[in-house]
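Undergrad: Here it is, the structure, as structure tokens.
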Amino acid sequence: MDITLLQVTNPNLNNSTSYFPIGVQLIFALGFVGAVLGLTHLLGPKRKTAEKLQNFESGIEAVGNARHPMAIKYFLVAILFVLFDVEVIFFYPYAVNFRGLGWNGFMEVLMFVGFFLAGFIYVIKKGALTWED
333 MDITLLQVTN
343 PNLNNSTSYF
353 PIGVQLIFAL
363 GFVGAVLGLT
373 HLLGPKRKTA
383 EKLQNFESGI
393 EAVGNARHPM
403 AIKYFLVAIL
413 FVLFDVEVIF
423 FYPYAVNFRG
433 LGWNGFMEVL
443 MFVGFFLAGF
453 IYVIKKGALT
463 WED
């Protein structure tokens, strides 16, 4: 059914009362989350010892100051990984519809791979992945 046909037959489709169920659901969801958090806070155990209040990360005790400078290479590699990982996700729709897309779709994917490789070559030429310091 076409959306314009629905709007002609029901002119009140976009008024504020059509959002009422969404508002009620939002209120119930927020109330449920608040109630569960409040109950766990009230009914949960409260044994605060010095050992439990100590900072803890991955089973390793904290040593020294956490505010020391860190090499930017770690962050750069992480950002590049996310960037190229997200680009790979775009191959999935092509893999699902490759027969329906035909040769035009194949050429577009080749162009996408070309841009992908150009970005990767640029990163390598800039030395973003060299670790000799």
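At position 38 of the sequence shown the residue is numbered 370 (this note's numbering), and the sequence of numbers has no breaks. Heads up, the beta-carbon is just placed ideally off N, CA and C, and yes, glycines get one too.
#1: Out of curiosity, what's the CA-to-CA distance linking G366 and T349?
#2: Quick check: what's the CA-CA separation for G434 versus E419?
#3: So, using beta-carbon positions, are L408 and A450 closer together than 8 Å?
#4: According to the Cβ coordinates, are V441 and Y424 closer than 8 Å?
#5: The alpha helix (DSSP H) spanning T372 covers which residue range?
#6: Go to R431, then tell me how far its alpha helix (DSSP H) extends in each direction, as first and last residue.
#7: Measuring CB to CB, does L385 end up less than 8 Å from V455?
#8: To the nearest angstrom, how far is it from the Cα of K380 to the Cα of F444?
#9: Return yes when the Cβ of G437 is within less than 8 Å of the Cβ of F447, no when it is not.
TA: According to the structure data:
#1: 26 Å
#2: 21 Å
#3: no
#4: no
#5: 352-375
#6: 430-457
#7: no
#8: 56 Å
#9: no
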